[in-house]
Amino acid sequence: MVQIENPSDSVLFSQRSAGRLRCRAMATVCQPSALIDTDRYPIAVGGRRRDDAVAAVRSALADDGCAVLPGFLSATGCRELLAEAVEREPLAFYNPANEANVHLGDADPSLPDDHPRNRFFSRTNGFVRADEWDHTTHARRLYDWQPLKDFLQDCLGKDELHVYEDPVSNMIVNVQRTGQEFNWHFDTNEFTITMLLQPADEGGLFEYVPDLRSPLDENEAGVTAVLNGDRTNVRTIDLRPGDLQFFLGRFSLHRVTPNGGAATRLLLIMSFSETSGSVGSVQRTRSLYGKVTEEHLAAAAAPVRADALLD
Ligand SMILES: O=C(O)CCC(=O)C(=O)O
């Protein structure tokens, strides 16, 4: 049942339950706040519980580059965001190459064969692109909701936070069907915000190695050790549906282990940026999402980057 908070907010939307289309009807989309468990996380109002959540995230991020607010989404949020993801899951793009290096980029034949850049591992997950979510969807309305952005900005301790302007990848769903995996890699963004919508029955775990590289050092030896199976600093998180995860993926190597169960793992990823106007590189965007736009081609001529790290 869709919760109605503001009758003036009527839009057309499609509703699905457990993967089956129920109806397409004139309905009222709930307010973004109804997608969040605001009793537990009253993010739109000041006060101690909001301050405590902000402090908990900051402390966890400073400790190891990852923080989780369990049960951030309400039951309505879990249901509606999952329904939208299930509806779009068949549209996910899978790169036929099926393998990638830690930069999700090209090999470099001028480097040795055992350099991380030249080591390719299975990457079989897919992504539902941002342009599959129009402004009427619950996910897009939540992404654009100012109180969420303000809360995330406070949690991340940033002076400014902008919605990532990449029209192909700013809000996506990572799709991992049975047997699919996402190899060890770094992100282009300093931080990533995720919400698990549907876990794998088995496997599909998020693993990471905190702070493995820094803005001034790719730490190729450390990356090579992890690729060779060194698990000394590997941490594993078993996320639950509705959890909100903050993750400093530009510096922490991370992966999602193979999905060993029958259920498709679905994870909503929202990207934000400290600078306005940044978009992904042409190579990475094409490889991950299967398409680039005029914005990507224009940005390639004048890139906006905070550091000189490879992607
Ligand atoms: O699916 C996940 O938990 C993480 C996805 C991820 O690593 C990424 O999008 O960079």
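Note that the numbering used here has the sequence shown beginning at 4, numbered continuously upward. Just so you know, even glycine gets a beta-carbon here, dropped at the ideal spot from N, CA and C. None of these values were measured; they are calculated from a predicted model.
Count the other C-beta atoms from every protein chain shown that fall within 10 angstroms of the C-beta of residue i, then say buried if there are 16 or more, exposed otherwise.
i: L72; result: buried
i: V295; result: buried
i: P93; result: exposed
i: H257; result: buried
i: A133; result: buried
i: H138; result: exposed
i: P218; result: exposed
i: A56; result: buried
i: V48; result: exposed
i: L300; result: exposed
i: R234; result: exposed
i: G252; result: buried
i: L269; result: buried
i: D241; result: exposed
i: T99; result: The residue asked about is misnamed: residue 99 is Pro in this sequence, not Thr. So P99 counts as exposed.
i: E297; result: exposed
i: G182; result: exposed
i: N192; result: buried
Could you tell me which residues DSSP puts in a beta bridge with residue i?
i: C33; result: Bridge partners of C33: none, in fact.
i: Q179; result: R268
i: D220; result: S217
i: S95; result: It should be pointed out that residue 95 corresponds to Ala in this sequence rather than to Ser. Paired residue(s): none; A95 is not in a bridge.
i: A82; result: Residue identity differs from the one stated: residue 82 is Arg in this sequence, not Ala. Paired residues: none, contrary to the question.
i: L315; result: The chain is shown from 4 up to 314; residue 315 falls before or after that span and cannot be answered.
i: T239; result: E210
i: G280; result: DSSP, once it has assigned bridges, lists no residue as partnering G280.
i: E318; result: Within the shown structure, residues of the chain are numbered from 4 to 314, placing residue 318 beyond reach of any answer.
i: H188; result: H257
i: H165; result: S276
Quick check: does the Cβ of residue i come within less than 7 Å of any heavy atom belonging to ligand 1?
i: G252; result: yes
i: L270; result: yes
i: D157; result: no
i: F209; result: yes
i: D246; result: no
i: N177; result: yes
i: F96; result: no
i: F123; result: no
i: T195; result: yes
i: H257; result: yes
i: F185; result: yes
i: D190; result: yes
Between residue i and chain C, is there a C-beta pair that is closer than 8 Å?
i: E163; result: Within the model displayed, chain C is absent; a lone protein chain is all it includes.
task = Assess, as a yes-or-no matter, whether the stretch 205-215 is touched by the stretch 260-277 under the definition of 3 or more beta carbon pairs within less than 8 Å.
result = Yes: at least three Cβ pairs fall under 8 Å.
key: Segment contact, 8 Å Cβ cut-off, at least three pairs: the stretch 154-163 with the stretch 94-110   = Between the stretch 154-163 and the stretch 94-110, the count of C-beta pairs closer than 8 Å stays below three; the two stretches do not touch.
request  = Would you be able to state if there are at least three C-beta pairs under 8 Å between the stretch 221-233 and the stretch 263-280?
outcome  = no
key: Inter-stretch contact at 8 Å, needing at least 3 Cβ pairs: the stretch 142-152 / the stretch 109-128   = Cβ pair count under 8 Å is below three, so no.
query = Is the stretch 161-181 in contact with the stretch 61-69, if contact means three or more CB pairs nearer than 8 Å?
reply = no
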